[in-house]
Amino acid sequence: MKRKFLTVFTIASIAFGLTSCKDKAQEANTSEAEPAAVSESVSQKYVTDVAQSSIEWKGFKPTGTHNGTVSIDTGVFQTNDGQLQSGTFLIDMNTIKVLDGDEKMQASLESHLKGTVEDKKDHFFNVNQFPTGAFEITGVESMAAGKTNLSGNLSLKGMKHNISFPVTITNEGDKMTISSEAFTIDRTKWNINYGSKSVFDDLGDKFINDDIELKINIVAFKKA
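Here is the structure:
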């Protein structure tokens with residue numbers, strides 16, 4: 001009976017693992033930082049509407065997930081003949097927000113992620129030293145089914161790497177939206193090492209996955 005129970009448990013665990021892998025967002029292609037894209041001489045400028053723009057995030061650990069948002073600070077994009085050419089947006093790391101759990105847990109985790117407690121400032125993002133992240137476009141390539149492969153240098157915690165991921169770009173009058181599919185990055189490449197079993201070998205099951213899932217949503221309006 002015990003052996004039968006273990007067999008069933010093992011099969012269930014494998015099935016859960018396969019389901020988790022299937023549902024996991026694809027990791028963005030990551031490489032060394034590249035030169036920023038330069039617009040053609042004839043271009044139209046769009047400015048980010050920060051009230052309607054944000055980045056959704058999700059973190060994973062053996063006992064579950066946490067999710068939330070972080071706000072876009074400012075952003076400027078250039079288009080040519082309606083096509084996105086170049087641009088940059090800043091990320092306000094002081095606006096990291098946790099959306100799951102009760103208010104007490106949210107406040108505690110937000111403080112932990114921001115690193116605003118002195119003895120925990122290096123645990124995650126250390127926003128006092130690194131209050132701003134940034135993304136600068138390095139390439140825009142058309143894909144099938146109306147998708148666009150967007151490449152750019154992502155700067156977090158003083159580190160910069162180039163990432164590529166699919167987005168949908170729409171234009172409605174003076175409004176442009178840039179919405180990514182959910183994708184993941186390996187946080188340790190940006191020196192965000194807290195709780196990583198690939199960095200520390202004594203964590204047991206007290207680790208936090210290296211993958212962070214992101215989904216970028218930007219609304220920008222044409223500047224006269």
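Residue numbers for the sequence shown, in full-length UniProt numbering: 1 to 224.
In this text, a Cβ means the ideal position worked out from N, Cα and C, and glycines have one as well.
Predicted model, so just to flag it, every value in this text is computed and none were measured.
Environment of residue i [buried if 16+ CB atoms lie within 10 Å]
{"i": "ASN29", "result": "exposed"}
{"i": "ASN153", "result": "buried"}
{"i": "LEU113", "result": "buried"}
{"i": "LYS157", "result": "buried"}
{"i": "ASN209", "result": "buried"}
{"i": "ALA220", "result": "buried"}
{"i": "THR141", "result": "At residue 141 the sequence reads Glu, which differs from the Thr that was named. GLU141 should be labelled exposed."}
{"i": "GLU136", "result": "buried"}
{"i": "VAL47", "result": "exposed"}
{"i": "GLY115", "result": "buried"}
{"i": "ASN128", "result": "exposed"}
{"i": "VAL98", "result": "buried"}
{"i": "GLY173", "result": "exposed"}
{"i": "residue 274", "result": "Lying outside 1 to 224, the shown extent of the chain, residue 274 is not represented and no answer is given."}
{"i": "THR138", "result": "buried"}
{"i": "PHE89", "result": "buried"}
{"i": "GLU213", "result": "buried"}
{"i": "GLY82", "result": "exposed"}
{"i": "GLN78", "result": "buried"}
{"i": "SER198", "result": "exposed"}
{"i": "THR184", "result": "buried"}
{"i": "SER86", "result": "buried"}
According to DSSP, residues forming a beta bridge with residue i
{"i": "ALA220", "result": "THR48 and MET176"}
{"i": "ALA134", "result": "LEU90 and SER155"}
{"i": "SER108", "result": "SER108 is not bridged to any residue."}
{"i": "LYS215", "result": "GLU56"}
{"i": "THR170", "result": "THR177"}
{"i": "VAL98", "result": "GLY68"}
{"i": "PHE165", "result": "LEU150"}
{"i": "SER142", "result": "THR148"}
{"i": "LYS160", "result": "SER155"}
{"i": "GLN129", "result": "In the DSSP output, where bridge partners are listed per residue, GLN129 has none listed."}
Whole-number beta carbon distance between residue j and residue i, since they are thought to touch under 8 Å
{"i": "ILE50", "j": "THR69", "result": "A quick correction: the sequence has Val, not Ile, at residue 50. In fact, because the Cβ distance is near 12 Å, the residues do not count as touching under 8 Å."}
{"i": "ILE178", "j": "ILE55", "result": "Contact doesn't hold; Cβ gap of about 12 Å is too wide."}
{"i": "PRO131", "j": "MET176", "result": "Not really, about 27 Å apart at Cβ, beyond 8 Å."}
{"i": "ASN67", "j": "LYS58", "result": "4 Å"}
{"i": "ALA33", "j": "ASN162", "result": "5 Å"}
{"i": "GLU181", "j": "PHE207", "result": "About 26 Å; that fails the 8 Å criterion."}
N-terminal and C-terminal residue of the beta strand (DSSP E) that residue i is part of
{"i": "HIS66", "result": "64-80"}
{"i": "ILE185", "result": "183-186"}
{"i": "ASN29", "result": "29-32"}
As assigned by DSSP and simplified to three states, the class of residue i
{"i": "LYS61", "result": "strand"}
{"i": "LYS114", "result": "helix"}
{"i": "LYS197", "result": "coil"}
{"i": "ILE208", "result": "coil"}
{"i": "LYS22", "result": "Summary for LYS22: the model assigns pLDDT 43, below 50, so the residue's position carries little reliability; its value from the coordinates is reported in the next sentence. In this structure, LYS22 counts as helix in the three-state DSSP scheme."}
beta-carbon residue i near the ligand SAM non-hydrogen atom, thresh 8 Å
{"i": "ALA25", "result": "This structure does not include the ligand SAM; it has no bound ligands of any sort."}
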